[in-house]
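Asks: Shown below is the structure under consideration.
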Amino acid sequence: MSPQMAGVLQLLALIAALALAYRPLGDHMARVYSSEKHLRPEKWIYKAIGADPSAEMRWPAYLRGVLAFSAVGVLFLYALQRLQGSLPGSLGFASIDPDQAFNTAASFAANTNWQSYAGEQAMGHVVQTGGLAVQNFVSAAVGMAVAVALVRGFARSRTGELGNFWADLVRGVVRILLPLSVIGAVVLVACGAIQNFSGIHEVGRFAGGTQQWNGGAVASQEVIKELGTNGGGYFNANSAHPFENPTPFSNLFEVFLILVIPFALTRTFGRMVGSVRQGYAILATMAVIWIGFTALMMWTEFAGRGPAFEIAGGAMEGKETRFGIGGSSIFAVATTLTSTGAVNSFHSSYTGFGGGIQLLGMQLGEIAPGGVGSGLYGMLIMAIIAVFIAGLMVGRTPEYLGKKIGTREIKLAACYILITPALVLGFTAAAMALPTPADSMLNGGAHGFSEILYAYTSGANNNGSAFAGLNADTQWFNSTIGIAMLLGRFLPMVFVLALAGSLAEQKPVPETAGTLRTDKPLYAGLLVGTIVIVAGLTYFPALALGPLAEGLAS
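Start counting at 1 in the sequence shown, then tack on 104, and there's your number in our numbering.
Right, dumping it as structure tokens:
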């Protein structure tokens, strides 16, 4: 079997698995967030934190809950890292420096999981399991809660109430993420991923030294890293490490974990607004972009020209032979079109156009299907923009799901889509203009510029993957990327929740013959075009200086 055919078969198997999980998981999540009952363990948690899960919240109160909880998470994780040298289970590692501790705390609380350190050489068992893994669960649940609040804004009318943040947070962890993680961890252990709390041990002697590895609760962290679209690896090689991702089957299973909740949330959306056809329209938009990007990535990586490419059967530099070009391309697109950040290959080693596909995937806003929660609310924002554009073309007040998209709503949507580009392009320009940050670049020219652009694109979009080659463990990059991650995560949530509150206060608008049908293929096509055009107009000059220039020169 040719490598190309193997890649295509992997993609088809993945699509089939996602299709099988779509309806039951989407319906389950709709029931979870619509239920009025509380499980006994959930009641214990509410009592411990002093929350009333039955109290409805308007958007300012919901936002305060999101920000307060996330701020506590940042402070807790920062303190845990700074105290690591005094904690048991530290494996002898020293406490983390202040700038790197801030960067890591901001990263994991923001569901970014950007890592400027080598996990097996810096973090002990307590920080990995009690700090980073916990944030993998709760940061994902925060994103899902915000998405559900926006869905309630569309579903409800004549009220500003969006539900209860604490109930949504706890239910997301207890009823969705934890059960799926237990099952997924068992699968990964069966594939060969490790799960222990062993210390550092020598695994081999070589001329000039020895090689050492430390164990860890890798499978349990690996599963939520993918399922929660987090991405922080236990080891520096991330999902290219055999302890995290042992086999081609585990590789495909991890891609499935990355995509299953974001895709299934479109079913949840359809059920909660009372029209599964609306959910299918959003699903179709996501699927078209994801499949198109995956096919394009495979083509660019298999079609490399030159003797080295021909001997290897394509661009194999930086890719694991266990996974090949097909498995690596599928994984790379899945991580950059979601907010995962896990990698099973060096993204910097991809062809010029391949690196551009990865960058563009993040610059679309990571909405196809995007992160858990963030992908859905990002896509719904773009749906509002598309409806507004359609309204301008026909001279009619735009409506979406029975809600008028007026001046307030479009301003909030516009602010949402402008925040991330401002952070990415602003910080990239500053890094290129100042003398010190450029010293961290391994390469010069277009590829070196791509390293900087990728770093801030990854941070501000809460992705977390790295282009490699860039030494990001400096005060400048730890601080500025940390700021970009926090602002890129929580400023958009302000506008999402404000928009949800505005929509929930409206009374429904009856559908007429002139209403744009947003559950039809025509609208899905308009939405795809809107997404691509908005991202293209925003980022094309920067892409032309980096990956496009590199690709055309090769």
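Each residue gets a CB set at the ideal place from its N, CA and C atoms; glycine is no exception.
On the DSSP bridge assignment, give the partners of Arg162 in chain order.
Replies: For this step, residue 162 is matched to residue 58 along the sequence shown. Arg162 pairs with Glu265.
Asks: What do you reckon, are the CB atoms on Ser443 and Thr398 nearer than 8 Å?
Replies: Taking the sequence shown and counting its residues from 1, the one referred to as residue 443 is at position 339. Taking the sequence shown and counting its residues from 1, the one referred to as residue 398 is at position 294. No. Outside cutoff.
Asks: Using 8 Å as the threshold, is the C-beta distance between Val238 and Ser174 below it?
Replies: The sequence position of residue 238 within the sequence shown is 134, counting from 1. The sequence position of residue 174 within the sequence shown is 70, counting from 1. Contact: no.
Asks: Quick test of the definition: if touching needs 3 or more C-beta pairs under 8 Å, does the segment 287-299 touch the segment 639-652?
Replies: Cβ pair count under 8 Å is below three, so no.
Asks: Looking at C-alpha atoms only, which residue of Ala572, Leu463 and Ile489 is the closest neighbour of Asn565?
Replies: As a working note, residue 565 is residue 461 in the sequence shown. Asn565 has its Cα closest to that of Leu463, out of Ala572, Leu463 and Ile489.
Asks: Can you tell me whether Tyr504 is helix, strand or coil according to DSSP?
Replies: Walking along the sequence shown from the start, residue 504 turns up at place 400. Reduced to three states, the DSSP call for Tyr504 is strand.
Asks: Could you check the C-alpha separation between Val231 and Gln185 for me, to the nearest Å?
Replies: Counting from one through the sequence shown, the residue named residue 231 turns up at place 127. Counting from one through the sequence shown, the residue named residue 185 turns up at place 81. In a straight line, the C-alpha of Val231 is about 7 Å away from that of Gln185.
Asks: When you compare only the Cα positions, how much space is there between Val437 and Phe258?
Replies: Locating residue 437 in the sequence shown gives position 333, counting from the first residue. Locating residue 258 in the sequence shown gives position 154, counting from the first residue. Straight-line Cα distance between these residues: approximately 30 Å.
Asks: Evaluate Trp163 with the Cβ neighbour count: other Cβ atoms within 10 Å of its Cβ, from every protein chain shown; 16 or more gives buried, anything less gives exposed.
Replies: For the purposes of this step, residue 163 is taken as residue 59 along the sequence shown, with counting starting at 1. Buried, since its Cβ has 16 or more Cβ neighbours within 10 Å.
Asks: When the distance is taken between beta carbons, is Met466 closer than 8 Å to Leu167?
Replies: As a first step, residue 167 is located in the sequence shown; it is residue number 63 there, counting from the start. As a first step, residue 466 is located in the sequence shown; it is residue number 362 there, counting from the start. No, these two residues do not count as a Cβ contact at 8 Å.
Asks: Determine which residues share a DSSP beta bridge with Ile304 and list them.
Replies: Within the sequence shown, residue 304 is the residue found at index 200, counting from 1. Its beta-bridge partners are Asn318.
Asks: Can you look up Ser449 in the DSSP assignment and give me helix, strand or coil?
Replies: The count along the sequence shown starts at 1 and reaches residue 449 at position 345. Of the three classes helix, strand and coil, the one that applies to Ser449 here is strand, per DSSP.
Asks: Check each candidate in Glu306, Gly650, Ser343 and Gly276 and name the one with the smallest Cα separation from Ala323.
Replies: Taking the sequence shown and counting its residues from 1, one reaches residue 323 at position 219. Answer by Cα proximity: Ser343.
Asks: What three-state label does DSSP hand Leu574 in the structure shown?
Replies: Within the sequence shown, numbered from 1, the residue matching residue 574 stands at position 470. Leu574 falls in the strand class under three-state DSSP.
Asks: Expressed to the nearest angstrom, what Euclidean distance is found between the alpha-carbon atoms of Phe142 and Ser243?
Replies: Translated into the one-based positions of the sequence shown, residue 142 becomes position 38. Translated into the one-based positions of the sequence shown, residue 243 becomes position 139. Per the sequence shown, residue 142 should be read as His rather than Phe. Distance between the alpha carbons of His142 and Ser243: 21 Å.
Asks: With Ser138 as the anchor, note down where its alpha helix (DSSP H) starts and where it stops.
Replies: The residue labelled residue 138 in the question sits at position 34 within the sequence shown. Start and end: Pro107 to Ser138.
Asks: Round the Cβ separation of Thr333 and Gly475 to the nearest angstrom and send it over; I've been treating them as touching at under 8 Å.
Replies: In the sequence shown, counting from the first residue as 1, residue 333 sits at position 229. In the sequence shown, counting from the first residue as 1, residue 475 sits at position 371. Sure, about 4 Å apart at Cβ, within 8 Å.
Asks: Does the beta-carbon distance from Leu122 to Phe353 come in below 8 Å?
Replies: Residue mapping note: residue 122 aligns to position 18 of the sequence shown, counting from 1. Residue mapping note: residue 353 aligns to position 249 of the sequence shown, counting from 1. Cβ atoms of Leu122 and Phe353: not closer than 8 Å.
Asks: Name the DSSP bridge partner or partners of Met545?
Replies: Here residue 545 is taken as the residue at index 441 of the sequence shown, counted from 1. In DSSP, Met545 forms a bridge with Leu574.
Asks: Is the beta carbon of Phe406 closer than 8 Å to that of Gln188?
Replies: Looking up residue 188 in the sequence shown gives position 84. Looking up residue 406 in the sequence shown gives position 302. Their beta carbons are not under 8 Å apart, which means Gln188 does not touch Phe406 by this criterion.
Asks: For the structure I just gave you, are there three or more beta carbon pairs, one from the segment 416-425 and one from the segment 453-462, closer than 8 Å?
Replies: Taking 8 Å as the limit for Cβ pairs, the verdict is that the segment 453-462 does touch the segment 416-425.
Asks: Rounded to whole angstroms, what is the Cα-Cα separation between Arg677 and Phe427?
Replies: Since the first residue shown for the chain is 105 and the last is 658, residue 677 is missing from the structure and cannot be characterised.
Asks: Of all the alpha helix (DSSP H) runs that stay within the bounds of the segment 472-532, which reach a length of 4 or more residues?
Replies: If we require 4 residues or more, the alpha helix (DSSP H) runs fully inside the segment 472-532 come out as 478-498.
Asks: May I ask which residues mark the beginning and end of the alpha helix (DSSP H) holding Val242?
Replies: Along the sequence shown, one-based indexing puts residue 242 at 138. Ala237 to Ala259 is the extent of the alpha helix (DSSP H) around Val242.
Asks: Can you list, in chain order, the stretches of the alpha helix (DSSP H) that have 4 or more residues and sit fully within the segment 265-300?
Replies: Within the segment 265-300, the complete alpha helix (DSSP H) runs of at least 4 residues are 269-275 and 282-295.
Asks: Can you tell which of Ile298, Trp317 and Ala297 has its C-alpha closest to the C-alpha of Ile304?
Replies: Taking the first residue of the sequence shown as position 1, residue 304 is located at position 200. When only C-alpha atoms are compared, the closest one is Trp317.
Asks: With a threshold of 16 other CB atoms inside 10 Å of the CB of Ser158, please say whether the residue is buried or exposed.
Replies: Counting from 1 along the sequence shown, the entry for residue 158 is found at position 54. Classification for Ser158: exposed.
Asks: Pop quiz: Tyr504 and Thr622 are said to be a contact at Cβ under 8 Å. What is the actual Cβ separation, rounded to whole angstroms?
Replies: The sequence position of residue 504 within the sequence shown is 400, counting from 1. The sequence position of residue 622 within the sequence shown is 518, counting from 1. Between Thr622 and Tyr504 the Cβ distance is about 6 Å, and since that is below 8 Å, they are a contact.
Asks: Tell me the DSSP bridge mates of Lys147?
Replies: Reading the sequence shown from its first residue, position 43 is the one you call residue 147. BP columns for Lys147 are empty, so no partner.
Asks: When the distance is taken between beta carbons, is Met376 closer than 8 Å to Ser138?
Replies: Walking along the sequence shown from the start, residue 138 turns up at place 34. Walking along the sequence shown from the start, residue 376 turns up at place 272. Taking 8 Å as the Cβ cut-off, Ser138 and Met376 qualify as a contacting pair.
Asks: Between the alpha carbons of Gln204 and Leu620, how many angstroms are there, rounded?
Replies: Mapped onto the sequence shown, residue 204 falls at position 100. Mapped onto the sequence shown, residue 620 falls at position 516. Going by the C-alpha atoms only, they are around 50 Å apart.
Asks: Per DSSP, Lys423 forms a beta bridge with which residues?
Replies: Position 319 of the sequence shown, counted from the first residue, corresponds to residue 423. Answer is Ser449, bridged to Lys423.
Asks: Assuming Met227 is part of the alpha helix (DSSP H), what are its boundary residues?
Replies: Residue numbering aside, residue 227 sits at position 123 when the sequence shown is read from its first letter. No alpha helix (DSSP H) contains Met227, which DSSP labels as neither H nor E.
Asks: Drop a sphere of 10 angstroms on the beta-carbon of Pro283, count the other beta-carbons inside from all chains shown, and report buried for 16 or more, exposed for fewer.
Replies: The residue labelled residue 283 in the question sits at position 179 within the sequence shown. Classification for Pro283: exposed.
Asks: Return the chain-ordered list of same chain residues with a C-beta closer than 8 Å to the C-beta of Thr73, the five sequence neighbours on each side being excluded.
Replies: The structure shown does not extend to residue 73, since the chain is modelled only from 105 through 658, so no value can be given for it.
Asks: Beta-carbon within less than 6 Å of Ser199's beta-carbon, same chain only, minus the 5 sequence neighbours each way: which residues are those?
Replies: Here residue 199 refers to the residue found at position 95 when the sequence shown is read from its first residue. So the list reads Arg186, Gln188 and Gly189, once near-sequence residues are dropped.
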